[in-house]
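> Sharing a structure below in C-alpha cells format, with a few things to ask.
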Amino acid sequence: MNFLEQYNYWIVIILMMSGFYIVIAHGNLIKKMIGLTVFQTSVFILYISMSKVTAGTAPILNEAYKVYSNPLPHVLILTAIVVGIATTALGLALVVRIKEAYGSVEEDLIQEKDLQQEGSE
Amino acid sequence: MLMGVYSLLTASFFVLMDAVDVAFTEAAVGAGISTILMVTVLSMAGRFENRQLHHPRIALFVVLITGVMLVYGTFDMPAFGDLNAPVQTHVAPYYLQQSAQDIDIPNVVTSVLASYRGFDTFGEVVVVFTAVIGVLAMLEFSRKPDTTGDEPAPMYQHKILRIVGKILIPPIMLFALYVQFHGEYGPGGGFQAGVIFAAAIILHAMLFGVESTRKAVSMPVVKVLAAVGVLIYGSVGVVAMLNGGRFLEYNALAENPITGQHVGIIIIELGVGITVATAMMLIFLTFARRVGKANGDSA
Amino acid sequence: MIEHLPILQVIIPLLAAPICLILREARLVRWFTFIASALAFVNSILLLQQVQTQGTISYSLGGWDAPIGIEYRIDLLNAYLLILVTSISTLALLAAGPSLRKELSERKETYFYVAYLLCLTGLLGILATGDAFNVFVFLEISSLASYTMIAMGRDRRALWASYQYLIMGTIGATFILIGIGLMYMMTGTLNMYDLAERLPEVQQTKTVFTAFAFFVVGVCLKLALFPLHLWLPNAYAYAPSIATVFLAATATKVAIYVLLRFIFSVYGFEFSFSHLPLQEILVALGLMGVFAASIVAIYQDNVKRLFAYSSVAQIGYMILGLGVGSKTGLTATLLHLFNHALMKGAIFLALAGLIYRVGSVNLKAFSGLGKQMPWTMAAIVVGGLSLIGVPLTVGFVSKWYLVLALLESNWWPIAVLVLIGSLLAVIYVWRIVEVAYFRKAMQDSAPYKEAPLMILIPTWILVLANIYFGIDTGFTVGLSEQIAASLFEVAK
C-alpha cells in the first residue's frame, strides 16, 4: 500500500464525498446543484491525475521534449466538463421554474405543497 | 462566488497536471459560465437557505459507504505519475507517436479530440445543443408581461466600467477567434473559443442591459446558428461518407490524407465554436431575461 | 449505403434534430420528426437482416480502428433492441400530433420534437456503440433530453419530478463515469471488446472490483431497480403523455441493455456472478421491486402513476430473470424487454387518448368510461391482462420463461412468489376495470367521445401486437434464445 504515492486519489475521494454529501443532505435546490458540480469536478481530477507522467509535459509535440503526459483522459474530461455544464444549466433552469411555480427552493416546502395539492384532488 | 474560486483552483491544478487544454476549458466554463448562471439564479431565489439538513444521518451513511468503496479501490491502483501504468503503455503511446504522421499537428489533445475520437466530440456538441433546447423550452416564454423594456442596466452608471468594458469587447472576440484557429498548435480549440466569444456578449449584457444585447444580437438568428454548428459538424462526416470513407473519416476529404485531416479538423472545430458560442449566449440571455422578470415583479 | 447502416441509425435522428429547430413551424416539424423516426426504424430492420446473414458488424468511425478510434459494434442483442426502440418511437409519434397539441402550448411544440429526436439519438447511440466512454456521452444526451421533455408537462409537479430525475440521474451517470475511469486506469483502453480481453489479467484487483461496483450501481439507478427507482413514478406520471409512452417503453430497457452488455460482453459472466454476490442481490432486489411497487400501485389514484409503479415491478421481473443466471433466465429477461415495451406502450398510448378527451387521469374520472370510450378502455384491459400474464398475451410468454428458468434452477419458492406478484397485478388492473365498466358515468358531464383516430390507431397496433406475439412467439422467442445463447458463449 503506497499511501504517499496515492495522495492525489485521497484528495479526490474527499472532494467527491463532500460533493455527494451536499447533494443528498441539503434541501436547498441550489445547494444540491453546487454539490453535484463539486462531485462531478472531483471525478475530473481523478481522470486527469491518472494521465500525469512524472517529468512529462503537456501533450503538445515539440522537439525539445521527449516525455509527455497522456492526452486521452484530457479529451475525455473536456467532454465531461461540457456535459457537466449542460446538466448545471438545465438544473438551474428547472430551479428557476420551480421557484416561480412553488415560491420556494427548499425541498421540504415543495413536498409539503405537493401533498396539499394531492390531498385536495 | 466560492464556486468561481473553486473552479479557478481546479483549473490551476489541471495546469500542474499538464492538462492545459482542460485547464483552459475548466477556467472558462467553471469560473465563467457556471458562476454567472448560479449568481443569476441566486439573485432570484434568495441567498439564505433553510438550515435544516435532510436526513443527515442516512446521507452520511451512504456517503461513508461510497467513500470506503473508493478508498478500497485505490489500493491496487498504479502509482501517481508512473510511466508504466496501463494507461501510459496502451493506446496512448500510439497517439503520441503516430499523430505526427497521421495528422501532423502539434497539439495531440486536438488530434485525439477532433480526429481519433471525433465522434465523441460530435456527441459533445449534441450535448450542448440539447442543453440549449432544454433551457429554451423551459425558460423562453414567460406569461409575465415584459416590464424590463428600456431600463438601463445597473452597471450603466459606472462610467469607468462602461468605457473599459466597451473597449474590451472587440479584443475578447478577437481573442476568441485566435483561440479557435490556434487550437491545433497550442491549447485551445472550438469549445474554449466559443465560451470566450460568448463571454464577450455576456459582458455587453451586463453593461448595457439584457434587452439591448438582445436587440444587438438577434435571437432567432442565434438559434439557427446553434443548429447550423451541429449540422456543419455532421456534414463533414457525411461528405466523408460520400467520398467513400467512413463517417468522419477526414482522410477521404482530400487527395492528400494529411490535408484532409487538416480541413476536417478546422471545419469541425468551427462547427463546435459556433454552436458553443451561440449556446452559451442563448442560455445566459434566456436566464437573464426570465430572472429579470421574476425580480422585476417582486421589486 | 449498406455498409454505413450502423452509423446512419444514429445520424438520421441526430441531424434531424437541429434541422427541426431551423424549420420552426410545428406542422413541418411534426412530419419531419415522424419521417426521421420511420427511417430509423427501416434502418434497424435492415441492420438486423445484415447481422443475421453476416454476423457481428463492426464500423470504425473516422476510419480509425479500435482501440485507437471509436467503433460501432452491432450484434444480435443490440440489433434486436434497435428495432424495439425505433418502432415504439415511430408509433408514439403517430399519436403525438393531437396529444401534444392539447398538452403543450404551441410555441413549445417544436422544442418537444427536437428534444424527442435528441432522446432517440441518445438511446440509439448507446445501443450501437462499442466504446465505453461513448456510452456515457450518449447516455447523457438521452438523459438531458428526457429531463427537458418531462419538465414540459402541464402540472407544476412535472418540474419537481424532472429536477429529482436530474439529480438522481446525474449521480448515476457520474458513478458510471467513475466506473469507466477505473476500468480505463487498469487496462488503458475504452473499447468494450478490448476491455474484455484485458480485464481478465487485472480481474483480481480491488480497483476493477470497485469499477464494476460503481458502474453497476450507476446503471441500476438509470434502470430504476428497487430501491433506486424513486425518480420514476413521478417522472412518468407528470410528463406529457407521449413522452411517457416513449420513455416508459424504451429508456429503462436501454439501461438494462447496458447492464447486460457489461456483465456478459465486457466483464464476462463468470467474473460478474462469482466476485460479488451479484446473483443474490439481483434476485432479492428484483423481487422486492416486484412486491413493493405492485403494492404501492394498488393504492394509487393517479392512473398514470399506477402504471409507472407497475413498470418498476416489471423491471423487477427482468432483473430477476437476469439474476437466475441461466440461459433460460436470460431469455426470459430479453423477452420481457420486448414484451413490456409492447404492453406499456399500448397502455400509455391509450391513456394519452383518454387524457385528450377527459383531461384527467384520476381514477374517479374513469367512471363509466367503458361505455363511452370502448376502444380505449379495451386497450387498457388487454394491456392489463398482458401485465398479469394471461395466456394468449405476450405477458404470459415472458412470465412462462421466467417461471421455467426458476424451476430449472430449483428455486421453487421464488417461482411461487412470481405467481403471487401476478395476483397483485390483478388487483390493480381490476380497480380500473371496476370503475370503468361497473360504475355509472358522472352525471354532470356530457358523454365523452372516443379518442381521436390518430391516437387510437397506434394504440391498437400495439394491442394487436400484444396478442399476435403472444400467440406466434417465433420471432421473439427465437431471437431471444439465440441472443442468450451467444451471450453465454462469449462469456466463457
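Residue numbers (numbering that gives the first Met the number 0), protein chains in the order written: chain A, 0 to 120; chain B, 0 to 298; chain C, 0 to 491. C-beta: ideal position from N, C-alpha, C; glycine also.
#1: Look up residue 117 (chain A) in the DSSP assignment and say whether it is helix, strand or coil.
#2: Name the two residues that bound the continuous beta strand (DSSP E) containing residue 70 (chain C).
#3: My understanding is that residue 289 (chain C) touches residue 322 (chain C), with C-beta atoms under 8 Å, so please give their C-beta distance in whole angstroms.
#4: Which residues of chain A have a Cβ atom closer than 9 Å to the Cβ of residue 180 (chain C), listed in chain order?
#5: Where do the N-terminal and C-terminal ends of the beta strand (DSSP E) with residue 56 (chain C) fall, by residue?
#6: Quick check: is the beta carbon of residue 233 (chain B) nearer than 8 Å to any beta carbon in chain A?
#7: Should residue 54 (chain B) be labelled buried (16 or more other beta-carbon atoms within 10 Å of its own) or exposed?
#8: Quick one: which chain A residues come within Cβ less than 7 Å of residue 146 (chain C)?
#9: Please identify the residue among C:4, C:164, C:150, C:203 whose C-alpha is closest to the C-alpha of residue 559 (chain C).
#10: With a 10 Å radius around its C-beta and 16 neighbouring C-beta atoms as the bar for buried, classify residue 48 (chain C) as buried or exposed.
#11: For residue 269 (chain C), does the three-state DSSP call read helix, strand or coil?
#12: Output, in sequence order along the chain, the residues in the segment 125-158 of chain C whose CB is closer than 7 Å to any CB in chain B.
#13: Quick check on DSSP: helix, strand or coil for residue 300 (chain C)?
#14: What distance in whole Å lies between the Cβ atoms of residue 110 (chain B) and residue 61 (chain C), which are believed to be in contact at a cut-off of 8 Å?
#15: Assuming residue 496 (chain C) contacts residue 475 (chain C) (C-beta within less than 8 Å), just tell me the rounded distance between them.
#16: Listing by chain order, which chain B residues have their CB less than 8 Å from the CB of residue 93 (chain A)?
#17: My output table needs one value for residue 150 (chain B): the three-state DSSP class, helix, strand or coil.
#18: Using the beta-carbon count (16 or more within 10 Å), is residue 243 (chain B) buried or exposed?
#19: Please identify the residue among C:254, C:30, C:239 whose C-alpha is closest to the C-alpha of residue 221 (chain C).
#20: I'd like to know if residue 205 (chain C) contacts chain B, where contact means its C-beta is closer than 8 Å to some C-beta of that chain.
#21: Apply the 10 Å Cβ neighbour rule to residue 151 (chain B) and answer buried if 16 or more other Cβ atoms are within range, or exposed otherwise.
#22: Grab me the residues of residue 2 (chain C)'s own chain with a C-beta within less than 8 Å of its C-beta, minus the 5 sequence neighbours each way, in chain order.
#23: Between which two residues does the alpha helix (DSSP H) carrying residue 108 (chain C) extend?
#24: With burial defined as no fewer than 16 other Cβ atoms inside 10 Å of the residue's Cβ, what is the status of residue 288 (chain B): buried or exposed?
#25: Is there contact here, the segment 121-135 of chain C with the segment 4-17 of chain C, by at least three beta-carbon pairs under 8 Å?
#26: From the beta carbon of residue 297 (chain B), is the nearest beta carbon of chain A less than 8 Å away?
#27: From C:370, C:308, C:305, pick the residue whose C-alpha is nearest to that of residue 435 (chain C); which is it?
#28: Can you tell me which of the three DSSP states residue 2 (chain C) falls into?
#29: Can you name the residues of chain A whose CB is closer than 9 Å to the CB of residue 118 (chain B)?
#30: What residues in the segment 16-42 of chain B bring their beta carbon closer than 8 Å to a beta carbon of chain C?
#31: Residues of chain B with CB under 9 Å from residue 19 (chain A), in chain order?
#32: Pick out whichever of B:227, B:85, B:276 has its Cα sitting closest to the Cα of residue 201 (chain C).
#33: Give a yes or no on whether the C-beta atoms belonging to residue 274 (chain B) and residue 229 (chain B) are separated by under 8 Å.
#34: Do the segment 189-208 of chain C and the segment 64-80 of chain C make contact, defined as three or more Cβ pairs closer than 8 Å?
#35: Report all residues from its chain with a CB closer than 7 Å to the CB of residue 98 (chain B); omit the five preceding and five following residues, and keep chain order.
#36: Note down, in chain order, each residue of its chain lying with its Cβ closer than 7 Å to the Cβ of residue 19 (chain C), except the 5 sequence neighbours on either side.
Answer, in terms of the structure:
#1: helix
#2: 70-73
#3: Residue 289 (chain C) to residue 322 (chain C), Cβ: 12 Å. No contact.
#4: 42, 45, 46, 49, 72, 75
#5: 56-59
#6: no
#7: exposed
#8: 89
#9: With chain C represented from 0 up to 491, any question about residue 559 (chain C) goes unanswered, as that position is not in the structure.
#10: exposed
#11: helix
#12: 132, 133, 136, 137, 139, 140, 143, 144, 146, 147, 150, 151
#13: coil
#14: Not confirmed; about 11 Å, so no contact.
#15: Missing from the structure shown is residue 496 (chain C); chain C here goes from 0 to 491 and no further.
#16: 137
#17: Per-residue confidence for residue 150 (chain B) stands at a pLDDT of 48, beneath the threshold of 50, marking its modelled position as unreliable; the derived number appears in the next sentence. If DSSP states are grouped into helix, strand and coil, residue 150 (chain B) belongs with coil.
#18: exposed
#19: C:254
#20: yes
#21: Per-residue confidence for residue 151 (chain B) stands at a pLDDT of 49, beneath the threshold of 50, marking its modelled position as unreliable; no derived number is given.
#22: 58
#23: 105-127
#24: buried
#25: yes
#26: Unreliable positioning characterises residue 297 (chain B) in this predicted model, as indicated by a pLDDT of 42, which lies under 50. The coordinate reading is nonetheless provided below. Answer no: the Cβ-Cβ gap between residue 297 (chain B) and chain A never drops below 8 Å.
#27: C:370
#28: helix
#29: Near residue 118 (chain B) there are no residues of chain A at all, since even the closest Cβ is about 11 Å away, more than 9 Å.
#30: none
#31: 58, 61, 62, 65, 66
#32: B:85
#33: yes
#34: yes
#35: 107, 110
#36: 28, 31, 32, 109, 112, 113, 116
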